[in-house]
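Numbering (the working numbering), first residue to last: 828 to 1106.
Just so you know, even glycine gets a beta-carbon here, dropped at the ideal spot from N, CA and C.
Here the structure is laid out as structure tokens; the discussion comes afterwards.
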Ligand code: PXL
């Protein structure tokens, strides 16, 4: 099998393990060539650090896309996450329309917020744009906050029972046309994971593992990156979600055992070998 290639459209945060500093090593370990399009260059992520720098890369994105098109590059995955400006919504949508072909998986992680609140740099207009962008996806990976934003619901009033989470996931599927892996789905005390709707089979399935710690920064990015890598390796949505959830659990155990600061993200580097397919 030739090496699959993914265009990864996320920010580059120099410190704090998220976005591209998570996506590049994880996809590489999983045998995927990761081609980054940085949406912004920050000194740290925006969760838990004060005074971070932020260089908006909006102007650069269409120039990169034009050059890649002139080289006739093909991508088996287009994987987007944290965006740097409202204008980037249309730029990323154009990128998807230009580079998508029959064998391309489009994964949109609709990064907007956590714990019921939008991230500091996300305006209401950006969140509305993110919902439009997510309509182009084959697979979306929202957390509960982002699910509430996507469906225009009150976060605190979401029904978190198993039946409620199933319904929420199915509602996010746009009538069964888009796969969904809803993260932060806990079906019992002490467990967490994802509720998955697979548009290929029409099935909704929960994936659960032991809950280790909250809040751990960047777990959404680890989840979506492992999921994308596993889908490119031919796994089903539920298998891909299971691999992602188990990897995060292993990383969270390490992070907690070493008493590492939670804002620095999950201590995943020594565990990348778990993702390598030696077959
Ligand atoms: O993990 C999501 C994320 C990505 N990128 C940046 C962030 C965050 C969450 O806070 O701040 C820059």
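When the Cα atoms are used, residue 851 and residue 1071 turn out to be separated by approximately 15 Å.
Assignment of residue 1022 by DSSP, reduced to helix, strand and coil, places it in the strand class. Taking 7 Å as the cut-off, the C-beta of residue 858 does not count as close to any heavy atom of the ligand PXL. Within its own chain, the residues whose Cβ lies closer than 7 Å to the Cβ of residue 961, once the five positions on either side in sequence are excluded, are 935, 937, 967 and 977, listed in chain order. Annotated three-state conformation of residue 959 is helix, per DSSP.
In this structure, the C-beta of residue 1041 stays at least 7 Å away from each heavy atom of the ligand PXL. Distances between the C-beta of residue 894 and the heavy atoms of the ligand PXL are all 7 Å or more. Taken in chain order, the unbroken stretches of beta strand (DSSP E) that lie wholly in the stretch 880–937 and span 3 residues or more are 881–883, 904–907 and 932–935. Along the length of the stretch 969–1039, whole beta strand (DSSP E) runs at least 3 residues long occupy 1006–1010, 1018–1025 and 1030–1037, reported in chain order. Annotation: residue 896 to residue 924 spans about 12 Å, alpha carbon to alpha carbon. Counted as a single uninterrupted DSSP element, the stretch harbouring residue 877 is not any beta strand (DSSP E), since DSSP gives it neither H nor E. Annotation for residue 1055: the continuous alpha helix (DSSP H) segment containing it runs 1046–1059. Going by DSSP, residue 1070 is part of the alpha helix (DSSP H) stretching over 1064–1084.
Buried is the label assigned to residue 869, since at least 16 other Cβ atoms lie within 10 Å of its Cβ.
Cα atoms of residue 837 and residue 891: separation of roughly 14 Å, rounded to the nearest angstrom. For residue 1046, the CB contacts under 7 Å within the same chain, skipping 5 residues up- and downstream, are 1075 and 1093 in chain order.
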